[in-house]
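Below is one structure, written out as structure tokens; the observations come after it.
2 protein chains.
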Amino acid sequence: MRPSPERHGQLLATAAEVFAAEGYDATTVRRIADAAGMLAGSLYYHFDSKEAMLDEILSGFLDELREGYDAVLAAALGPRETLEALVTESFREIDRHRAAVAIYQKESRQLAAQPRFRHLADTQVHFEQAWLGTLERGVADGVFRDDLDIRLTYRFVRDTVWVAASWYRPGGLHRPEEIARQYLSVVLEGIAVPR
Amino acid sequence: MRPSPERHGQLLATAAEVFAAEGYDATTVRRIADAAGMLAGSLYYHFDSKEAMLDEILSGFLDELREGYDAVLAAALGPRETLEALVTESFREIDRHRAAVAIYQKESRQLAAQPRFRHLADTQVHFEQAWLGTLERGVADGVFRDDLDIRLTYRFVRDTVWVAASWYRPGGLHRPEEIARQYLSVVLEGIAVPR
DNA sequence: CTCCTTCCCTAACAAGTGTTTGGTAGATTA
DNA sequence: TAATCTACCAAACACTTGTTAGGGAAGGAG
Numbered sequence: 001m002r003p004s005p006e007r008h009g010q011l012l013a014t015a016a017e018v019f020a021a022e023g024y025d026a027t028t029v030r031r032i033a034d035a036a037g038m039l040a041g042s043l044y045y046h047f048d049s050k051e052a053m054l055d056e057i058l059s060g061f062l063d064e065l066r067e068g069y070d071a072v073l074a075a076a077l078g079p080r081e082t083l084e085a086l087v088t089e090s091f092r093e094i095d096r097h098r099a100a101v102a103i104y105q106k107e108s109r110q111l112a113a114q115p116r117f118r119h120l121a122d123t124q125v126h127f128e129q130a131w132l133g134t135l136e137r138g139v140a141d142g143v144f145r146d147d148l149d150i151r152l153t154y155r156f157v158r159d160t161v162w163v164a165a166s167w168y169r170p171g172g173l174h175r176p177e178e179i180a181r182q183y184l185s186v187v188l189e190g191i192a193v194p195r
Numbered sequence: 001m002r003p004s005p006e007r008h009g010q011l012l013a014t015a016a017e018v019f020a021a022e023g024y025d026a027t028t029v030r031r032i033a034d035a036a037g038m039l040a041g042s043l044y045y046h047f048d049s050k051e052a053m054l055d056e057i058l059s060g061f062l063d064e065l066r067e068g069y070d071a072v073l074a075a076a077l078g079p080r081e082t083l084e085a086l087v088t089e090s091f092r093e094i095d096r097h098r099a100a101v102a103i104y105q106k107e108s109r110q111l112a113a114q115p116r117f118r119h120l121a122d123t124q125v126h127f128e129q130a131w132l133g134t135l136e137r138g139v140a141d142g143v144f145r146d147d148l149d150i151r152l153t154y155r156f157v158r159d160t161v162w163v164a165a166s167w168y169r170p171g172g173l174h175r176p177e178e179i180a181r182q183y184l185s186v187v188l189e190g191i192a193v194p195r
């Protein structure tokens, strides 16, 4: 009746890996139980439902990301430095919560429509405000170009950051800070040699 | 026994919309039949299986995209112009096959592992070669920066282009050519004002 | 009118789904 | 030693899944 937090976390991590690898809907609880070395029913000693696992996985990541973003904004840096910090923070979160980010990236749109996952939509609005505000401030300050559709730019930045979770492998060739550096270099200066 | 091609295409388009909106695994054939105004079993007069629908939807899009890319490469333009043409062609395909692209973007990774969808992996290699080759040629010619990880840049370009399918709405504010223009402007020159 | 083709419905199938219930081995506590 | 708690198993539950088989209404062709 009172499962240990350690085991709880272990199983949650296992579930996250399977969800990320095979998709939430395509994943059966028996598949998760297999990966954890137990039977399907036994999972219900630790969790209320399959949905509850997903909820906990996403919330764990999103709460931490929100904290990270808020800390960046609280630092009150210039717009360019804020953008750099937001991007770097994002790639760090991808490094720490790769599976959760991959799941979020794939399922958030449909989940946000479900009543149970309404909080995803709220969180998205919060993040959007962080990015859009920074971009607008940058345009106003003259450090970002003013001839771009700012909403389109926001989507470009957001999407490219988060899709990285689909190919990023922790312990791989690139550290998150290095990816952030290269990514920022492209977004800020472009890939063309100035002519 | 010999369904008409028109009805076949209609139903395929309906299925594509539902797949794109709710995800392939989460979509039941009864849901598709509902959207088409018929019963689940009736679909099997037109299609062999749910998988066959998906296969046909993806192949229709991928074949056309492959033709488009090949035509661009055959034109033998400079690297920068080739990149511009590839991006523009991609956004045009998103405009024409929005649903198919959204499905492809979300499911291709897992599908490529299935034997039936092996051809997806082949196609991906083909596309990767088109992009990577263009980037490499550009670096060699001195029109693209040589201080970037070219593979990272490729992923950046690829992901941002295709992820647009998840928010793009045909008939919306932006025409595909306009999106391509703005996108290219960001990728080539960056969002920062040169200092 | 009759035959044939097209397109759909009705009704069911076996397999797989998330979940529940009752039980139990083994450690921990009293 | 006895009682309790933790973490799992065994077996089943109601329901949904993709799919199939047979039938029939509508319309054109002979």
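Just so you know, the protein sequences line up as chains A and B, in that order. For the first sequence, the UniProt record's numbering begins at 1 and goes up steadily by one. For the second sequence, the UniProt record's numbering begins at 1 and goes up steadily by one. Just so it is clear, CB atoms sit at the ideal spot from N, CA and C, and this is done for glycine as well.
Check                                                                                                                                                                                           : Outcome
So, using beta-carbon positions, are Tyr-168 of chain A and Phe-127 of chain A closer together than 8 Å?                                                                                        : no
Under a three-way DSSP split, which group does Phe-61 of chain A fall into?                                                                                                                     : helix
What residue range does the alpha helix (DSSP H) around Leu-39 of chain A cover?                                                                                                                : Note, Leu-39 of chain A: premise wrong, no alpha helix (DSSP H); not H, not E.
Is the CB of Lys-50 of chain A under 8 Å away from at least one CB in chain B?                                                                                                                  : no
Does Tyr-154 of chain A have its Cβ less than 8 Å from a Cβ in chain B?                                                                                                                         : no
Any beta carbon from chain A within less than 8 Å of Gly-78 of chain B's own beta carbon?                                                                                                       : no
If you measure from the beta carbon of Arg-145 of chain B to each beta carbon in chain A, is any gap under 8 Å?                                                                                 : yes
What residue from A:Ala-165, A:Leu-184 and A:Ala-180 has the CA that sits closest to Glu-17 of chain A's CA?                                                                                    : A:Ala-165
Contact defined as beta carbons within less than 8 Å: I believe Pro-189 of chain A pairs with Gly-190 of chain B. What is the distance between those atoms, to the nearest angstrom?            : Reading off the sequence, residue 189 of chain A comes out as Glu, not Pro. About 4 Å; that satisfies the 8 Å criterion.
What are the boundary residues of the alpha helix (DSSP H) that Ser-90 of chain A is part of?                                                                                                   : 79-96
Measure the C-alpha to C-alpha separation of Leu-148 of chain A and Gly-60 of chain B and round it to an integer number of angstroms.                                                           : 34 Å
Can you list the residues of chain A that Gly-23 of chain B reaches, using a CB-CB cut of under 7 Å?                                                                                            : Asp-25 and Gln-110
Throw me the rounded Cβ distance for the Tyr-24 of chain A and Glu-107 of chain A pair, which I believe falls under 8 Å.                                                                        : 5 Å
What residues from chain A crowd round Thr-160 of chain B, counting only those whose CB sits closer than 7 Å?                                                                                   : Phe-156, Asp-159 and Thr-160
Taking buried to mean at least 16 other C-beta atoms within 10 Å of its own C-beta, is Glu-6 of chain A buried or exposed?                                                                      : exposed
Kindly list the residues whose CB is nearer than 6 Å to the CB of Ala-180 of chain B, restricted to its own chain and excluding five residues on each side of it in sequence; keep chain order. : Val-87, Thr-88 and Phe-91
Going by DSSP, name the residue or residues bridged to Ala-192 of chain A.                                                                                                                      : B:Phe-144
Can you confirm whether Val-183 of chain A, when its beta carbon is compared against all beta carbons of chain B, has any partner nearer than 8 Å?                                              : It should be pointed out that residue 183 of chain A corresponds to Tyr in this sequence rather than to Val. So, interface residue.
Would you kindly report the start and end of the unbroken alpha helix (DSSP H) that includes Arg-155 of chain B?                                                                                : 150-163
Between Ser-166 of chain A and chain B, is there a C-beta pair that is closer than 8 Å?                                                                                                         : yes
Does DSSP classify Ser-108 of chain A as helix, strand or coil?                                                                                                                                 : helix
Give the residues of chain A in contact with Gly-142 of chain B, contact being defined as C-beta atoms less than 8 Å apart.                                                                     : Val-193
For His-119 of chain A, collect the residues of the same chain with a Cβ closer than 7 Å to its Cβ; drop the 5 residues on either side in sequence, then sort them by chain order.              : none
Is it true that the region 95-111 of chain B meets the region 130-142 of chain B, where meeting means three or more beta-carbon pairs spaced less than 8 Å apart?                               : no
Among the candidates A:Ala-192, A:Ser-49, A:Gln-124 and A:Val-72, whose CA atom is the shortest distance from the CA of Asp-159 of chain A?                                                     : A:Gln-124
Gly-37 of chain B: which of B:Gln-10, B:Ser-4, B:Asp-48 and B:Phe-47 sits nearest, CA to CA?                                                                                                    : B:Gln-10
Quick check: Phe-156 of chain A and Tyr-154 of chain B, are their CB atoms within less than 8 Å of each other?                                                                                  : no
Going by C-alpha distance, which of A:Ala-74, A:Gln-114 and A:Leu-62 is nearest Arg-96 of chain A?                                                                                              : A:Leu-62
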